[in-house]
Structures are given as C-alpha cells and as structure tokens.
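Novice:
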C-alpha cells in the first residue's frame, strides 16, 4: 500500500484544488487518491474561500430512465439518475475550476488503491464509516468489501460494459474494508472505469428483496442524495442524504429532475427562470445562443469541449471502401479549416480522430501524424485523381445511412459533408433511418456502404480506440480487421506506464490516420447555460451528475 | 330503445375482435425487434434465443395472440418487458390525465363553437357571420402544436414568464390546481376543433331554420331563443354529435402533442416511449384500451341519437 500523507484538515472541495494538476499518471493517481482520501476523511471542515451557501432546490431538466438497473442497461439516462444516489469507488474532479474533459480521479467510496508491479492485482482500501441509507432493507448498515465484490461480480455478469473492466479472474475480500481484484492481464483503464456511474456499488439486499434493480424503489445508496419521490412521466426528486459521508455536502437541499421532453418548452422554462438547468448537461442549441444572450443577458453561456466525435464509417471489408485510396480521397475532399471557421464560427474542432481533441493528454497534433497527415489536407484535385486510380474516374454514388432524430444541427453537418464530397464527384445518397433500425443496425455497423453519426461518449481514451478499431468489436462500425492495429490496441491496454501507453497510442493515431478507416468530420463545441445564481457548476463530459451537483450551491 | 341499444352493443364485439387482431399484428410489424433492442441497445441479456424464450416471443404468433386475448379477458393487460410493471397500472395512472385534457378540450370546442355557430346561422351574411366564418377558417388553419409552442415560447422570451410546467399536480393534491394546468393545452387543442364544429353547427342550423315547423313556431308567437335553442338546435344536433364522437381519436392523438409540449404525464408520452422501445405488451394494452374507448364513444354517440331523435328509437 502507498503511504497516506499527512494533510491539513480542510473543506472537501479543496480535495479538488489539491488535485488540480491536470492529467496524472496511474501511479501518481494512486498517490493522489490516498492523499485526497485523507482530506476527504477529515471531519469539521473550515471554509477558507468564498462561502458556499447551503440550501435551496435546484430545478433541473432531466431524462427519465428506461430502468434503474445500471447493469441491465447501457442507457446514459439510467447512469445520470443513479449517480445521485449510488456512488462509485472513485470519481472524477468536479466543479467550475475543472476542464470538461479533466478526468483526474479522486477517491469516493475507496480511500486508496495499490497495484502490483505486473499490473494484474489491484488492492483497494475502502473508506470506513460509509453507511447505506437509513431505510429498509439496508437500514443504515456500513458499506463493506462484500458489497464491492457483489457489485463488481454483478457488473461482470450482467453489464454491457463488462469488457471495460478487463479480464477479471477473481475478487477477494481479505477484510471488511479491503477488496483485491485479480486480472488475467494488466488493464490500463481499470481504475478509471471504476469511476464510471455504471460501476456504482449496490447493496445486495435490494436484489434479494425486490428481485432486481429495475424499479425506482430499488434506488438505494450511500451518495449525496436520496430519492425522495419518483413520479413516472413527471419528475424524480432527490433530497440531501443526511448521512452522506462527506460532511457539509451536498449544498443543495433538493434536486428536482424534471422529465419535460419538449425542447422548446425546456428552453422557455429556462428563459423564464423556472428551471436552473435547461438540459441534462445544461446544453442549449447553438442556433439559439444569440437570441438567448439577448433575452437573458445575465445568464452565463459557456462553449465547452465535447467528446462525442462524428464519423463517416465505411464498409472497409468490401469494395469500394476496401481500397484505402477511396477512403483517403474522401478525407481529402473535406475542408476542415473552412468547416470550423465558417460553419462552426470557430467554435469547434477540426479533429481528424481517432482520439478526440479535448483529450489533450492523449491527442497527437496533426503535425506529428507523419504520412497520415497528408490525407487530412483539403485537396480536391488529388482526391479526384485517387478516385480515378481506384477505378472511379467519373465519381461514385454512395448510400449513407443516418438517423435524422439527432437534430437539425447534425443534419446540416451531414449535408455539409455531402456537399464537400460532391466537389470530388461523390454523390452521398443520404438514407434516413428510424431510430430503432439505426441503433440496432447502422450504429453497430450493419449497413451496406457508409453510415454517418455521432459516437457514444467515452471518458477513457481506450473507448475511442479499442471499440472503434479492434476486430470484432460491436462498435467497430467500419468493420476494421487489421492484425497490426489489433496488436497495438491490445498493447495499449496492457501498458502499465502512462508514458509507454502514450507512445503506443501515438502510434495508433499515426497508423489510423494513414489507413483512414473512418472519416472524422469536424464537430462543434457544446454550448451550455445555467441560471446566474447557480455557483461552482462546471460542464463535464461524464454522466456522473450526482458528483457534479454535490459541489454546486445556489446564491439567490 | 332497448332493442336499438342492444343491437348497437352487439355490434361492438366483432369490432373489438378485429381491433385486437389489428393491434396485435401492427405492433409486430414495426421495424426493429424488441429482443435485438434489448440485447444491442440496452444489453438486457446475453443470448437472443434465451431472451426471446424468457419474454415468450419464441412461440408461434397465433399462440401468442391467444395467450394475450386470454389475459385481456381476465383483466390482465400485460406487463412491460422493460420494467416488469403491469401495463394496467401505468394506464390507470396516466389515463385520467389524457381523459381530463380531452374532455376539457371538447368543452372548450363546444363553448366556442355552439354560440358562435348559432349566432352565425341566425345572422347569416352579417358582420358577425363573416367574423365567425373567418374564425372557423383561421382555427382550422392554425396547427395546434404551433399555437401551443407560441404560447409557451413567446412569453418566456419577451416577459420571462412561462406556464407552470414540470410540477404536475395530481387531482388528489387539489382539484383547482389540477384543472388549472390543463387550461392552456385544452385551449390549444379545443380551438382547432371548434372551427370544425362551428362550421357544422352553422350549416345545420341554417338548414333547420328554413324548415316549415320553425316558421310555424315563430308564427305561433314563440320567442326566438326558444325556437332556436329548443327546436332548431335539437334537430341540428345529430350531425354535430356525430362530428364530436368522430373527433375522439383526434382529441386523443392531439393530446399526445399537448402532453409533450406542456409536460403532462398522460398516455401520449407513455405510448411513444413504449413504441420506441418496442414494448409489445404496453403498446398492445394502450392501443386496445384507446380503441375500446373510441368504440365506446361511438356507441354513446349512437345511443344519443335515440335520445335526440325519437324516430331513431322506432327504427
């Protein structure tokens, strides 16, 4: 175990300050985790900075989950709601001071973690004195290692995200506050993924009593909030958990998570000050920003980095996209600089993929991509020449599936892509699909020629690499089957040293740019707003809404 | 009257049977299979065959239909494949919302359409008539979702005010507040239908007012109001009632949009979510329930003919 440093008693929010050093290595994280835990564990806090106010009800436009079972669904709606009540072993830093893609982990239900030299054994020390809610069937009992073991085993058995825990060979509980996880291979994203809301710790009694975690009544935890009321189709009301282990948090008395579905209604309520946050991540439409600033000049408006990249996926397993020249020609047709400067008015990323630009610690600059950088330039003449060499001197027609329900902004982006391709003789025939068909078909690579759309959101770089490129992965929409790439993808998961992992991820980015398996189109920054009396709110690329809101207060 | 009512009631049975067949078949005709969705989108299991068997979807369609009808006849409308909640529970919670909205919308329609329609007929080709007819055309031309959106959006932009949405009050928590939250959506939904009913009222009243018995009544010295309301309106009522009865599906359909815009927890959002998740039992239950309601409302309309016109009773 790493030693726990002696640190002054302070406010839990200062844990974030203490750890605000940008990205850290995994071993660094383990040290920080231990230190931060010591701070968090210290009771009787003293506020040195601007005094947060306690109290108030935050009204938040939210989403109704299809189920409350975090392992029975990969739905982000479930994770958002669950995170208010159920907590994870670690969490990411939250608050106004942190970047949206700052995924520095800090302890939550754990105190610290130690990893063996071969990266296969993780020993996690739990925070003592954490208690479940004071109601049946848990009745305020202490959270123990057996709960962690039960939850992890359940996730491995039932969750669609189970592969993001690596190959777990076994979980031991040497004592009531220690958990030891044995992996078959070193798995670099392991600790990071323990901070995801789908990895929350669950009490086994709930499943024993209720049969599953599908119903709202099963939402029992030890987090900052407790579920006070759930009205299907109306709202969920979360109240402060009086037994939350962090003294003084959360600041809010309640959060009303409202299931108002109509976008114009959501924004109207927000303009009128009836809700504090206009969407689950505070987003407002880019097209409404100007009118919004006019109608509500005191409301903060923030452009922030988003991680949901857009890709044109190809059937690289068959003609014509089996030929790299065709894919590279497609890439050459897109004027990324003009796209961002004119269409996105400078508020976006040219991002050539595969690592999203906001993941700065992993992103390789275009200038360092080597040979692959050539295909990221805008060169229609070369594109036409390459298409001719590939056997398409008169251009080509390509069917591209898409779900228009993502919204008008996405439809415009796709039209812009079609326009770009038309300049090199490619007619992109857009096939609009119904959501059910899209999500179970095109989204999983089941299309004939090409498909365009945003990706899922991942907070660990592995999600944008392994899922997109590894042979046989369901999210490998381009049907990439490249042995050399597979070796690199597997290797980056095994590298225990951050610097070594970075090197191989750099190589993957160079290789992917050269092969152009996907065409990454530029994408906009998100734009969010919230009421001016909401303090310490920071936009975040994460579904851990509970952790994001526990540090927020209202200053009316 | 008894035989007339019985005949109408018996006609309902084959209608409901056909509706049940249609509902069962059409749900399965929606592209996208619930098992695929559960596995691929929400990861509800590991094997498609296992999941299909667990949900009872591996059996022949005819067997599934018979089982479902059997359950329905026993009062069991089925259980959600996603939440394990009985569909009847959710319908019971949400139907009153949709029903209240529909009834209030009909009331709004009638409160506008009947007086305006009668006035337009009695004062044919006057300014009042032209104004009423212009209103009718305008009401028909304005989409209710557009009107609703304007009502919600414009005040928030200019006056920083919006209707109270998102904090739904149950009837048991206060009937005044409960009804109050339906006023704006009922107005939006009711105005468009008022145009249709107003035109029908005016047309029928014009026809009836030219009948000999009306002229006779006036010649005998009966007051204008008594003739118009007591004799003419009653005889003009059958087509108007038919129109209202026929509009029931519209009120239900329109309420889906209003529920969406005004954040009301009615049947609309419930069935939309069920469709997007391919939750067959819920979709079937809701559709069958709504179909039965429409059939019932048509039955009521048929029965009201007898009450309004004695000749129908003798038929």
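Protein chains in written order, with the numbering used here: chain A, 118 to 673; chain B, 328 to 642.
Ideal Cβ positions, reconstructed from N, Cα and C, are used throughout, including at glycine.
Note that this is a predicted model, so its numbers are computed, not measured.
Since residue 546/A is in the beta strand (DSSP E), which residue starts that stretch and which ends it?
Specialist: The residue labelled residue 546/A in the question sits at position 429 within the first chain. 543-549 is the extent of the beta strand (DSSP E) around residue 546/A.
Novice: With 8 Å set as the bound, which would you pick, yes or no: does the beta-carbon of residue 597/B sit closer than that to a beta-carbon of chain A?
Specialist: For the purposes of this step, residue 597/B is identified with residue 270 of the second chain, where counting begins at 1. Residue 597/B counts as touching chain A.
Novice: Considering just the uninterrupted stretch of the alpha helix (DSSP H) at residue 583/A, what are its terminal residues?
Specialist: On the first chain, position 466 is the one that residue 583/A refers to. Element bounds for residue 583/A: 579-586.
Novice: For residue 417/B, would you say it is in contact with chain A, using Cβ-to-Cβ distances shorter than 8 Å as the test?
Specialist: Counted from its first residue, the second chain places residue 417/B at position 90. Yes, residue 417/B lies at the interface with chain A (some Cβ there is under 8 Å from its Cβ).
Novice: What residues in the stretch 526-543 of chain A bring their beta carbon closer than 9 Å to a beta carbon of chain B?
Specialist: Going along the stretch 526-543 of chain A in chain order, one finds no residue with a Cβ nearer than 9 Å to chain B.
Novice: With distance defined between alpha-carbon atoms, name the residue in 613/B, 336/B, 448/B and 553/B nearest to residue 534/B.
Specialist: Sequence index remark: in the second chain, residue 534/B carries index 207 (1-based). Minimum Cα distance to residue 534/B is reached at 448/B.
Novice: Answer yes or no: does any C-beta atom of chain B fall closer than 8 Å to that of residue 379/A?
Specialist: Residue 379/A sits at position 262 when you count from the first residue of the first chain. It does: the Cβ of residue 379/A has a partner Cβ on chain B nearer than 8 Å.
Novice: Which residues, in chain order, does the stretch 474-495 of chain B contribute to contact with chain A at a C-beta distance below 7 Å?
Specialist: The residues in question are 476, 479, 480, 483, 484, 487, 488, 489, 492, 493 and 495.
Novice: Does the stretch 220-237 of chain A come within contact of the stretch 201-211 of chain A, defined as at least 3 CB pairs closer than 8 Å?
Specialist: A contact exists between the stretch 220-237 of chain A and the stretch 201-211 of chain A.
Novice: By the criterion of Cβ-Cβ separation under 8 Å, what are the contact partners of residue 410/B in chain A?
Specialist: Taking the first residue of the second chain as position 1, residue 410/B is located at position 83. Correct list: 183, 184, 331 and 332.
Novice: Spell out a yes or no on whether the stretch 358-376 of chain A and the stretch 234-251 of chain A are touching, meaning 3 or more CB-CB pairs, one atom from each, closer than 8 Å.
Specialist: With a cut-off of 8 Å, the stretch 234-251 of chain A and the stretch 358-376 of chain A count as touching, because enough Cβ pairs lie within range.
Novice: Report the rounded CA-to-CA distance for residue 401/B versus residue 597/B, giving the unit in angstroms.
Specialist: Along the second chain, read from residue 1 onward, the residue named residue 401/B stands at position 74. Along the second chain, read from residue 1 onward, the residue named residue 597/B stands at position 270. Between residue 401/B and residue 597/B, the C-alpha separation is close to 23 Å.
Novice: Which class does residue 491/B belong to by DSSP, given the choice of helix, strand or coil?
Specialist: Here the question's residue 491/B lines up with position 164 in the second chain. Three-state DSSP puts residue 491/B in coil, outside helix and strand.
Novice: Confirm, please, whether the CB-CB distance from residue 414/B to residue 609/B is below 8 Å.
Specialist: Along the second chain, one-based indexing puts residue 609/B at 282. Along the second chain, one-based indexing puts residue 414/B at 87. Yes, Cβ-Cβ distance for residue 609/B and residue 414/B is below 8 Å.
Novice: Along chain B, in chain order, which residues have C-beta atoms closer than 8 Å to that of residue 348/A?
Specialist: Within the first chain, numbered from 1, the residue matching residue 348/A stands at position 231. Going along chain B in sequence order, the residues near residue 348/A (Cβ under 8 Å) are 495 and 592.
Novice: Identify whether residue 352/A lies in helix, strand or coil by the three-state DSSP scheme.
Specialist: Sequence index remark: in the first chain, residue 352/A carries index 235 (1-based). If DSSP states are grouped into helix, strand and coil, residue 352/A belongs with the strands.
Novice: Can you tell me whether DSSP reads residue 231/A as helix, strand or coil?
Specialist: Here residue 231/A refers to the residue found at position 114 when the first chain is read from its first residue. Strand at residue 231/A.
Novice: Spell out the partners DSSP gives residue 515/A in its beta bridges.
Specialist: The residue labelled residue 515/A in the question sits at position 398 within the first chain. Paired residues: 545/A.
Novice: Identify which residue in 333/B, 465/B and 434/B has its Cα closest to the Cα of residue 509/B.
Specialist: Position 182 of the second chain, counted from the first residue, corresponds to residue 509/B. The residue with the shortest Cα to Cα distance from residue 509/B is 434/B.
Novice: Which residue marks the beginning of the alpha helix (DSSP H) containing residue 627/A, and which one marks its end?
Specialist: The residue labelled residue 627/A in the question sits at position 510 within the first chain. Looking at the DSSP string, the run of the alpha helix (DSSP H) that includes residue 627/A is 615-632.
Novice: By Cβ distance below 7 Å, which residues in the same chain neighbour residue 633/A in space, the five residues on each side in sequence not counted?
Specialist: Indexing the first chain from 1 puts residue 633/A at position 516. Once the five neighbours on either side are set aside, the close Cβ partners of residue 633/A are 441, 444, 445, 448 and 492.
Novice: Please report how far the alpha carbon of residue 197/A lies from the alpha carbon of residue 543/A, in whole angstroms.
Specialist: The residue given as residue 197/A occupies position 80 in the first chain. The residue given as residue 543/A occupies position 426 in the first chain. Residue 197/A and residue 543/A: Cα-Cα distance of roughly 41 Å.
Novice: For the stretch 466-483 of chain A against the stretch 559-566 of chain A, do three or more pairs of beta-carbon atoms, one drawn from each stretch, fall closer than 8 Å, so that the two count as touching?
Specialist: Result no; under three Cβ-Cβ pairs closer than 8 Å.
Novice: With 16 as the cutoff for other CB atoms within 10 Å, does residue 470/B come out buried or exposed?
Specialist: What you label residue 470/B is simply residue 143 of the second chain in a count that begins at 1. Label assigned to residue 470/B: exposed.
Novice: Where in the stretch 466-518 of chain B do unbroken runs of the alpha helix (DSSP H), each at least 4 residues long, occur, reported from the N-terminal end onward?
Specialist: Here the runs fully enclosed are 471-486 and 502-507.
Novice: Can you give me the C-alpha to C-alpha distance between residue 539/B and residue 478/B, rounded to a whole angstrom?
Specialist: One-based indexing of the second chain puts residue 539/B at position 212. One-based indexing of the second chain puts residue 478/B at position 151. Going by the C-alpha atoms only, they are around 47 Å apart.
Novice: Would you report the Cα separation of residue 524/A and residue 404/A, rounded to the nearest angstrom?
Specialist: By 1-based counting over the first chain, the position of residue 524/A is 407. By 1-based counting over the first chain, the position of residue 404/A is 287. Computed Cα separation, rounded: 12 Å.
Novice: Please name the residue, chosen from 597/A, 605/A and 231/A, that lies closest to residue 434/A on a Cα-to-Cα basis.
Specialist: On the first chain, position 317 is the one that residue 434/A refers to. The candidate whose alpha carbon is nearest that of residue 434/A is 597/A.
Novice: Return helix, strand or coil for residue 302/A, following the three-state DSSP convention.
Specialist: On the first chain, position 185 is the one that residue 302/A refers to. If DSSP states are grouped into helix, strand and coil, residue 302/A belongs with coil.
Novice: Can you pull the chain A neighbours of residue 379/B, defined as C-beta to C-beta under 9 Å?
Specialist: The residue you call residue 379/B lines up with position 52 of the second chain. Residues of chain A passing the Cβ test: none, with the nearest at roughly 15 Å.
Novice: Please check the pair residue 576/A and residue 658/A, which I expect to be a contact at CB under 8 Å, by giving their CB distance rounded to whole angstroms.
Specialist: As a first step, residue 576/A is located in the first chain; it is residue number 459 there, counting from the start. As a first step, residue 658/A is located in the first chain; it is residue number 541 there, counting from the start. Residue 576/A to residue 658/A, Cβ: 6 Å. Contact.
Novice: For residue 601/A, count the other beta carbons within 10 Å of its own beta carbon; 16 or more makes it buried, fewer makes it exposed. Which is it?
Specialist: Here residue 601/A corresponds to residue number 484 of the first chain, with the count starting at 1. Residue 601/A comes out exposed.
Novice: With distances taken Cα to Cα, identify the nearest neighbour of residue 384/A among 645/A, 667/A and 354/A.
Specialist: Within the first chain, residue 384/A is the residue found at index 267, counting from 1. It is 645/A.
Novice: Find the nearest neighbour of residue 322/A within the set 500/A, 515/A, 263/A and 454/A, judged by alpha-carbon distance.
Specialist: Position 205 of the first chain, counting from 1, holds the residue named residue 322/A. Residue 322/A has its Cα closest to that of 263/A, out of 500/A, 515/A, 263/A and 454/A.
Novice: Indicate whether residue 493/B and residue 392/A have their beta-carbon atoms separated by less than 8 Å.
Specialist: As a first step, residue 493/B is located in the second chain; it is residue number 166 there, counting from the start. As a first step, residue 392/A is located in the first chain; it is residue number 275 there, counting from the start. Going by C-beta atoms, residue 493/B is nearer than 8 Å to residue 392/A.
Novice: Measuring straight from C-alpha to C-alpha, what distance separates residue 587/A and residue 620/A?
Specialist: Looking up residue 587/A in the first chain gives position 470. Looking up residue 620/A in the first chain gives position 503. Answer to the nearest angstrom: the Cα atoms are 18 Å apart.
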